[in-house]
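A quick write-up on the structure given underneath.
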Amino acid sequence: TQLLEQSPQFLSIQEGENLTVYCNSSSVFSSLQWYRQEPGEGPVLLVTVVTGGEVKKLKRLTFQFGDARKDSSLHITAAQPGDTGLYLCAGAWGGTYKYIFGTGTRLKVLA
Amino acid sequence: ETGVTQTPRHLVMGMTNKKSLKCEQHLGHNAMYWYKQSAKKPLELMFVYNFKEQTENNSVPSRFSPECPNSSHLFLHLHTLQPEDSALYLCASSQSYRDPFSRSYEQYFGPGTRLTVT
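First to last, the protein sequences are chains A and B.
Letter by letter, the first sequence follows residues 1234 to 1344 in our numbering.
Letter by letter, the second sequence follows residues 163 to 280 in our numbering.
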C-alpha cells in the first residue's frame, strides 16, 4: 500500500507566525496537489506541482515539490485565522487519475 | 449553480433503509469520482467514471452501488449499510484522464454528504 505521510498531524499556532507542513512518500509522483478543507466542506484545490524542484507561490503560501518528486512542503508566512483548516496532499503516478491522499495536517491559527 | 454540488448535505439512515446520494458538476468535466472520508483515515477513492463508464471500483462492498447516467451527474445508491459506513462522502470531477496533454487531473470536490448509519 502506497502511503503519503503528512507531518505534523496537528498544529496550533498564533496569528502572525510562520509554519511548514510536510508530505512524504517513498514513491515517485508525476504530480502532487495540495488541498485545504474546512469543517463541513469538501477539499478545495490550492496548487498542483508537476516538476521536481518546482516552487509555486500563492499569496502567503509557498509550495515546493522535492527534487526527486517524492515529497512536498507547504510554507505559510504570517498565518491568519482564515488559514485554519485541514491541509491535504495528494499524489498521482504516471499521468493517471488515481490520486492517493495524505493523512492530513490539521492547522488552527489563533487570533 | 457552479462547481460541484451534492445532495443531501446530511443523511441519517437505518441499516435496512435504501437511499441515494446525488452529485452534479457544472464544470464541463468528463470524469467523476466518489470518495469516502472517515475520521482519522485518509480520503479513500471508491469509484471512478470516465465518459459515463466505470473505470475503477476500489474493492467497495456491493451495498454501495454507483450510477452515472451522463457526464454531469453521479449517484451513489445505498442499501443495508453498516454503522461503520458512517462518513463524509465526497464527489469530485476532473477533466477526462484520456487527455494526452494533461499531466495532472485536477479534481474539484463537492461539499460532501455527511452520512450517519444508525
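We put the CB at the ideal spot given by N, CA and C, even for glycine.
Within the model, the alpha-carbon separation for residue 1302(A) versus residue 242(B) is close to 42 Å.
Per DSSP, residue 175(B) is one residue of the beta strand (DSSP E) stretching across 172 to 175. Interface annotation for the stretch 1241 to 1255 of chain A against chain B: empty, criterion Cβ-Cβ distance under 7 Å. C-alpha of residue 1262(A) to C-alpha of residue 1281(A): approximately 12 Å in a straight line.
For residue 1306(A), the closest C-alpha among the options 1325(A), 1315(A), 1321(A) is that of 1321(A).
A residue is called buried when at least 16 other Cβ atoms come within 10 angstroms of its Cβ; residue 1243(A) does not meet this threshold and is exposed.
Shown here for residue 1276(A): same chain residues with a beta carbon closer than 6 Å to its own, the five before and five after excluded, namely 1268, 1270, 1321 in chain order. Rounded to the nearest whole angstrom, the C-alpha separation of residue 1342(A) and residue 1314(A) is 5 Å.
Just so you know, the alpha carbons of residue 234(B) and residue 1249(A) end up roughly 42 Å apart. Look at residue 210(B): its C-beta is under 9 Å from a C-beta on chain A.
Within the stretch 1262 to 1281 of chain A, contact with chain B at the beta-carbon level (separation under 9 Å) is assigned to 1263, 1264, 1265, 1266, 1268, 1270, 1273, 1274, 1275, 1276, 1277, 1278, 1281. No residue range can be given for residue 1311(A), since it is assigned to no beta strand (DSSP E) and is classified by DSSP as neither H nor E. Looking only at 232(B), 182(B), 177(B), the smallest Cα-Cα distance to residue 245(B) is reached by 177(B).
Judged by beta-carbon spacing, residue 166(B) lies beyond the 9 Å limit of residue 249(B), meaning their Cβ atoms are not closer than that value. Rounded to whole angstroms, the separation of the alpha carbons of residue 1260(A) and residue 1316(A) is 29 Å. The DSSP assignment places complete beta strand (DSSP E) segments of no fewer than 3 residues inside the stretch 1241 to 1301 of chain A at 1243 to 1247, 1252 to 1257, 1264 to 1270, 1277 to 1282, 1288 to 1291, 1294 to 1298, in order along the chain. The CB of residue 270(B) comes closer than 7 Å to the CB of 1278 in chain A, given here in chain order. Along the length of the stretch 233 to 261 of chain B, whole beta strand (DSSP E) runs at least 3 residues long occupy 235 to 241, 249 to 256, reported in chain order.
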